[in-house]
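Protein chains in written order, with my numbering: chain A, 220 to 788; chain B, 4 to 351. Heads up, the beta-carbon is just placed ideally off N, CA and C, and yes, glycines get one too. Heads up: the structure comes next, in structure tokens.
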Amino acid sequence: MTDGPQAGVIEAPLVKPKVGREDWVMRAGLAVIGVYLLVAVVFPLYTILSKSFQDERGTFIGLDNYAEYFATPALFYSINNSLTVSVISMVITVGLAFGYAYGLTRSCMPGKGVFKAIALIPILAPSLLPAISLRYLFGAQGMIKGLLMGETIYGPIGIVIGEVFWTFPHALLIIFTALSLSDARLYEAAEALGASKLRTFFTVTLPGAKYGLISACFVVFTLVITDFGVPKVIGGGYNVLAVDIYKQVVGQRNFQMGAVVGLVLLAPALLAFIADRMIQGKQVALLSARAVPYEPRPDRRFDLAMLAFCGTVAFIIIGILAVAQFAALVKFWPYNLSLVLDSYQFDLMDGGSWGAFWNSLKMAAWTAVIGTAVIFTGAYLVEKSKGFEHGRGLIQLMCMIPLAVPGIVLGLAYIFFFNALGNPLGFIYHTLIILVLCTITHFYTVSHLTATTALKQMDAEFEAVSSSLKVPFYRTFVRVTVPVCMPAILDISIYLFVNAMTTVSAVIFLYSADTQLASVAVLNMDDAGDTAPAAAMGMMIVYTSATVRLLHFLLTRGIARRTQAWRKR
Amino acid sequence: MRTNLLTRLTAALAVGVFALGVGGGGAVAKTDLLVYTSIEADELAKFKNAFEKDYPDINIKWVRDSTGIMGAKLLAEKDNPRADIVWGMAATVLLQLIPYDYFQAYAPKGVEKLNPLYVDPKNNPPLWVGQRAYVAAVCYNTIEGKKNNLPIPKTWKDLTKPVYKGHVIMPNPGSSGTAYLDVSSWIQMWGEEDAFKFMDALHKNISRYTHSGSKPCKLAAAGEIPIGVSFAYRVVKSRAAGAPLVLITPEEGLGWEVEAMAIVRNTKNLAAARALADWTISRKSMELHAPGYAEVALPGIPNPVKDFPDVGGKMIKNDFAWAGANKARIVKKWTARYDAKSEPRKKK
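Next comes the structure, spelled out in structure tokens:
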């Protein structure tokens, strides 16, 4: 009962003593995913990270770059600073996201759908928007700068606020998935045994969500430590590793040193992978074939408390966005606060903005459709196939790497690999395809973890029963696994979509004349000093993504009614 | 039934995506010329329209981004260059690419009429030809300056006076080409030792260093800081938008950078690329290049922006080869002195 997935692995050979046709199909599937990850992740990264052992002419020079880099005193400040802001952001974000997800899954507070929608807003917004908001709120002319009590927003405080805002939805997505698949029988048992609510929380809820919580911690930590967008715009002189890469690569065009820092940043991903391997053995499949989904019962005081908590978080999220919308309407901050609609005349801004907008929409749609199919199928094969341990471990590792790769490094890696003379895939360079591929890779890990979290909570008995009934695994996959995991699948698709709408750091190196993107246009408008139009265009992206999100919500409800009916008793 | 649902869902999404895709297309028998550039986004349309009016059978396709991003992209593509021509790019970036045989020599029509400072001095025919120069400048926010009782600075050295403590922002030369322009000009004017003494004093007054070269004046325009060290074009633009800014060109002298053009070695559209190269230094093009910039390559074209200070006499004798060759060393020295101490400084 308590030894989880291995049970399935050990039992399976009893049912099917030899490697059958099905296993070969599964292994072929694994091989396809493996090749995909090699081409999309490993080969490109190798082309850039290998530069850390070369001089600018490409001659192998061993560890000289490392020696030079580690002889730079600024590095130690950066490592220290990076760890500080990453740990603080991680603790705050995961704490808030857990409380929020707990309210969404364990209380009967009203407006859950709205709250879930609001929580995802930060990933709908290009990172420039919170930066503008923070400046308008806490900058030298800020509306509520008094709250900082003389401290400056341009430093660690600004970085942490910005990062918490940005990573909150990522953490929520994973924790929500972990909390929403739970077995009501455990709670009934706890209640029957007279366990207090607190005790139930620590003995049932937390252990069940453990895998999700730990995943969320690593995701947030790694996202923060590899992000250069927030520290670049709001970090002032507070140096972090990802900004060091920006300085080396974009500021000084020194790819070798950029690669050195890039390799240093892979460390957290490796740690995450090792930890994942260690925890995996202990994870209990919560949703056994006999499970009964948990349904919260009304409890006035508890529901009100959760409502207050979620309401506060939601208010802050909306508040930050509202300031960005205000920024889009102000004539000239802070000297002329009259509200005008001038900023919405995108046709007067640099041309092609609307074209860029359509490109973004197209790119996001492809990313969502192809990305979800590839990532979920991949996660399924890794989780549910039998044997082939090393291969699966390797694929799992490849799925973890993209999280630890800063966008700049990924974007340049794609240039080096796909633009290399003689690469048979060279034809995708400068097309929409490479933007889609790069974006799927960029957001692969969180999507993969979401899929894995959902899959881990499904009992291996489903597969065991199917195979004993001689039902091929792909039929089980299509008729049981996919419908059961439909909420997670839809979450992944919307996650990919909205991120594709706002992503900048990697695709900025890859777009071409016919594939300009709205998110890049926003950055360039701000770069040209047009803060208000940049905010206006940024908010257009938010509203578009929010509309898609709303359609998605309605669709999810329809699908949920058809595929999730079994959750009710 | 569930299979059906899934299939239908996928099909619906696919159809939607396809429908979005149909919007594009529409081929015309024109030569598409892929131009990599860092020209300001709001200038692209005027250049494209004017050029295509003169050459209706050529269609300019821009890939535009900041100098840092485009420079990194160009360098990353060095083994298999994709652009036909690079235009409006800092000459220092082009100089970094030349050792990789990135460009092919071409003398555009009329190159002999240009100020020789704007033409590649090392090769004939030249590998690169400049169109205009931008200069370092200081911007001063009159409202915030008054609030803090700050006199308007007239010289670089003025900025080191204690009265400006915490009121000046400049870019970080580790991330910004504009910042390196300032640092290298101070060194070229005063010698390395005195220049670093000046920067030691300036560092005491700096509120923080930004990563983008245009940011200091944008921050000054938004009242975040009274004084920003940046370049002139930005000040002109922000003022037009209503910012209470004064443009200051310090008396000691100004660092400057050439914005130049170069034809890529493996272009398949050589004739069109050469046509554009010719056009960029035509009188008409020079007039389009002039507004807001210090100087254009063709002598005798005035800056149409009213009360734009006459900076011609202040531009230092800038040795680009020296600046490029010493960049890594100087940036490293700068970083060790000022950036290593970048842990949060408590505001008094």
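Q) At a cut of 8 Å, does the segment 607 to 627 of chain A reach the segment 423 to 430 of chain A through at least three beta carbon pairs? A) The segment 607 to 627 of chain A, when compared against the segment 423 to 430 of chain A, does not touch it at the 8 Å Cβ threshold.
(Q) I'd like to know if residue 226 (chain B) contacts chain A, where contact means its C-beta is closer than 8 Å to some C-beta of that chain. (A) Yes, residue 226 (chain B) counts as interfacial toward chain A.
Q. In chain A, what lies closer than 8 Å to residue 291 (chain B) by C-beta?
A. Those within 8 Å of residue 291 (chain B) in chain A number zero; the least Cβ separation is about 16 Å.
Q: Mark residue 166 (chain B) as exposed unless 16 or more other C-beta atoms lie within 10 angstroms of its C-beta, in which case mark it buried.
A: Classification for residue 166 (chain B): exposed.
Q | Against chain A: residues of the segment 307 to 340 of chain B by CB proximity under 9 Å | A | Of all residues in the segment 307 to 340 of chain B, 330, 331, 334, 335, 338 and 339 have a Cβ within less than 9 Å of some Cβ in chain A.
Q. Are the C-beta atoms of residue 358 (chain A) and some chain B residue less than 8 Å apart?
A. Under the Cβ distance rule, residue 358 (chain A) counts among the residues neighbouring chain B, one pair being separated by less than 8 Å.
Q: Determine the DSSP secondary structure at residue 461 (chain A), reduced to helix, strand or coil.
A: Three-state result, residue 461 (chain A): helix.
Q.
Taking its Cβ as the centre, do 16 or more other Cβ atoms sit within 10 Å of residue 560 (chain A), making it buried, or is it exposed?
A. Residue 560 (chain A) should be labelled exposed.
**Q.** Neighbour flag for residue 167 (chain B) against chain A, beta carbons, 8 Å
**A.** Not closer than 8 Å to any Cβ of chain A, the Cβ of residue 167 (chain B) fails to qualify, so no.
Q: Count the other CB atoms, across all protein chains shown, that sit within 10 Å of the CB of residue 129 (chain B); report buried if there are 16 or more and exposed otherwise.
A: Flag for residue 129 (chain B) reads buried.
Q: Take residue 381 (chain A) and list the residues in its own chain whose beta-carbon comes closer than 7 Å to its own, dropping the five residues that flank it on each side.
A: Sequence-distant Cβ neighbours of residue 381 (chain A) in its own chain, meaning closer than 7 Å and more than five residues away, are 349, 350, 353, 449 and 453.
Q) Where do the ends of the beta strand (DSSP E) carrying residue 550 (chain A) lie? A) Unbroken beta strand (DSSP E) run through residue 550 (chain A): 549 to 551.
Q | Cβ neighbours of residue 379 (chain A) in the same chain (closer than 8 Å, five flanking residues each side left out) | A | Its chain contains 304, 307, 308 and 311 as the residues whose beta carbon lies nearer than 8 Å to that of residue 379 (chain A), once the 5 sequence neighbours on both sides are disregarded; these appear in chain order.
**Q.** Where residue 333 (chain A) falls, given that 16 or more other Cβ within 10 Å makes a residue buried
**A.** With a 10 Å radius around the Cβ and a threshold of 16 neighbouring Cβ atoms, residue 333 (chain A) comes out exposed.
Q: Would you give the residue range spanned by the alpha helix (DSSP H) that residue 234 (chain B) belongs to?
A: Premise fails: residue 234 (chain B) lies in the beta strand (DSSP E), 230 to 234, not in any alpha helix (DSSP H).
Q: Taking all protein chains shown into account, decide if residue 368 (chain A) is buried (16 or more other Cβ within 10 angstroms of its Cβ) or exposed.
A: By the C-beta density criterion, residue 368 (chain A) is exposed, having fewer than 16 other C-beta atoms within 10 angstroms.
Q: Could you list which residues in chain B have their beta carbon closer than 9 Å to that of residue 636 (chain A), in chain order?
A: Under the 9 Å cutoff, chain B gives no residues; its nearest Cβ is about 10 Å from residue 636 (chain A).
Q. Is the shortest distance between the beta-carbon of residue 743 (chain A) and the beta-carbons of chain B less than 8 Å?
A. Taking Cβ atoms only, chain B reaches closer than 8 Å to residue 743 (chain A), which makes this a yes.
Q | Any alpha helix (DSSP H) of 4 or more consecutive residues that is wholly inside the segment 586 to 663 of chain A | A | Taking 4 residues as the minimum length, the alpha helix (DSSP H) runs contained wholly in the segment 586 to 663 of chain A are 608 to 619, 626 to 637 and 651 to 661, in order along the chain.
Q | Close-in-space but distant-in-sequence residues of the same chain around residue 651 (chain A) (CB under 8 Å, 5 per side omitted) | A | Taken in chain order, the residues that qualify are 578, 581, 582, 585 and 734.
Q. CA-CA distance, residue 402 (chain A) and residue 513 (chain A)?
A. In this structure, the CA atom of residue 402 (chain A) is about 5 Å from the CA atom of residue 513 (chain A).
Q) residue 99 (chain B) touches chain A at which residues, Cβ-Cβ below 8 Å? A) Within chain A, the residues near residue 99 (chain B) are 472.
(Q) Short of 9 Å Cβ to Cβ, which residues in the segment 710 to 736 of chain A face chain B? (A) Within the segment 710 to 736 of chain A, the residues whose Cβ lies closer than 9 Å to some Cβ of chain B are 712, 727, 728, 729, 730, 731, 732, 733 and 735, listed in chain order.
Q.
Going by beta-carbon coordinates alone, are residue 736 (chain A) and residue 575 (chain A) separated by less than 8 Å?
A. Against a cut-off of 8 Å, the Cβ pair of residue 575 (chain A) and residue 736 (chain A) comes out as a contact.
(Q) DSSP has residue 140 (chain B) in a bridge; who is on the other side? (A) In the DSSP secondary-structure assignment, residue 140 (chain B) is bridged to B:233.
Q: Would you mind working out which of B:144, B:251 and B:334 sits nearest residue 554 (chain A), comparing C-alpha positions?
A: Looking at the Cα atoms, B:144 is the closest of the given residues.
(Q) If you reduce the DSSP assignment to three classes, tell me which class residue 232 (chain A) lands in. (A) Any reading at residue 232 (chain A) must be qualified, since the residue scores a pLDDT of 47, below 50, and its modelled position is unreliable; the value itself is stated next. Reduced to three states, the DSSP call for residue 232 (chain A) is helix.
Q: Kindly say whether residue 33 (chain B), judged by its beta-carbon, lies nearer than 8 Å to any beta-carbon of chain A.
A: No, because no Cβ of chain A sits closer than 8 Å to the Cβ of residue 33 (chain B).
Q. How many Å lie between residue 458 (chain A) and residue 297 (chain A) at the Cα?
A. Their backbone Cα atoms lie some 5 Å apart in a straight line.
**Q.** Residues bridged to residue 172 (chain B) [DSSP beta-bridge criterion]
**A.** Per DSSP, B:211 and B:231.
Q) Cα separation between residue 599 (chain A) and residue 398 (chain A)? A) Distance between the alpha carbons of residue 599 (chain A) and residue 398 (chain A) is about 20 Å.
Q.
Under 8 Å, Cβ to Cβ, is there at least one residue of chain A near residue 208 (chain B)?
A. Any Cβ of chain A closer than 8 Å to the Cβ of residue 208 (chain B) would place that residue at the interface, and such an atom is absent.
Q) What is the DSSP secondary structure of residue 159 (chain B), reduced to helix, strand or coil? A) Three-state result, residue 159 (chain B): coil.
Q | Reduced DSSP secondary structure (H/G/I, E/B, other) of residue 93 (chain B) | A | Strand.
**Q.** Through-space distance from residue 48 (chain B) to residue 643 (chain A), alpha-carbon basis
**A.** One C-alpha to the other measures close to 36 Å.
Q.
My parser needs the alpha helix (DSSP H) runs of 4 or more residues fully inside the segment 392 to 432 of chain A; what are they?
A. As far as the segment 392 to 432 of chain A is concerned, its whole alpha helix (DSSP H) runs of at least 4 residues are 403 to 411 and 416 to 419.
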